[in-house]
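Asks: Before I ask anything, let me first share the structure, which is written out below as structure tokens.
In my numbering, the protein residues as written are 5 to 120.
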């Protein structure tokens, strides 16, 4: 693990920020959970368990049951960086999630967010 500070942050601290971001745009907590579960392969109980255990972000992604193969279809800019060009695999997974949450907050249809 390279020294990115975000890797050691607790997912339980970041998760409410994702929810706040989408709720400001009239989206729901359930939609956030659906996006996270789609990307990582966690089921609802597994996601809740990771939040309760205060797992760090690196462990959250490393322990993900089945990272979605369609994640390779996620493209675009997040924080001025192309998600498809991020070299560190863990950082790329984090950016994928950031991009999906961003799309949700911008009102994109769930079908498009989940690359269906």
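Built from N, CA and C at the ideal position, the CB exists for glycine as well.
1. So the alpha helix (DSSP H) residue 41 belongs to, where does it begin and stop?
2. Where does residue 18 fall in DSSP's three states?
3. Excluding the 5 residues flanking residue 119 on each side, which residues of the same chain have their C-beta closer than 6 Å to its C-beta?
4. Tell me, which residues are paired with residue 23 by DSSP?
5. In angstroms with no decimal places, state the Cα-to-Cα distance between residue 10 and residue 107.
6. Are there three or more Cβ pairs, one per stretch, closer than 8 Å when the stretch 81-96 is compared with the stretch 29-48?
7. So what's residue 78 in DSSP terms, helix, strand or just coil?
8. Can you give me the C-alpha to C-alpha distance between residue 5 and residue 23, rounded to a whole angstrom?
9. Does the beta-carbon distance from residue 16 to residue 58 come in below 9 Å?
10. Using the Cα positions of residue 70 and residue 104, report the straight-line distance between them to the nearest angstrom.
11. According to the neighbour-count rule (16 or more other Cβ atoms, all chains shown, within 10 Å of its Cβ), is residue 99 buried or exposed?
Replies: The structure says:
1. Per DSSP, residue 41 belongs to the alpha helix (DSSP H) from 33-44.
2. Here DSSP, grouped into helix, strand and coil, assigns residue 18 to helix.
3. Taken in chain order, the residues that qualify are 74, 77.
4. Residue 23 is not bridged by DSSP to any residue.
5. When rounded, the separation of the alpha-carbon atoms in residue 10 and residue 107 is 21 Å.
6. Output reads no: the stretch 29-48 does not touch the stretch 81-96.
7. Coil at residue 78, not helix or strand.
8. Summary for residue 5: the model assigns pLDDT 43, below 50, so the residue's position carries little reliability; its value from the coordinates is reported in the next sentence. Roughly 27 Å between the two C-alpha positions.
9. The criterion of a C-beta distance shorter than 9 Å is satisfied by residue 16 and residue 58.
10. One C-alpha to the other measures close to 17 Å.
11. With 16 or more Cβ atoms within 10 Å of its Cβ, residue 99 is classed as buried.
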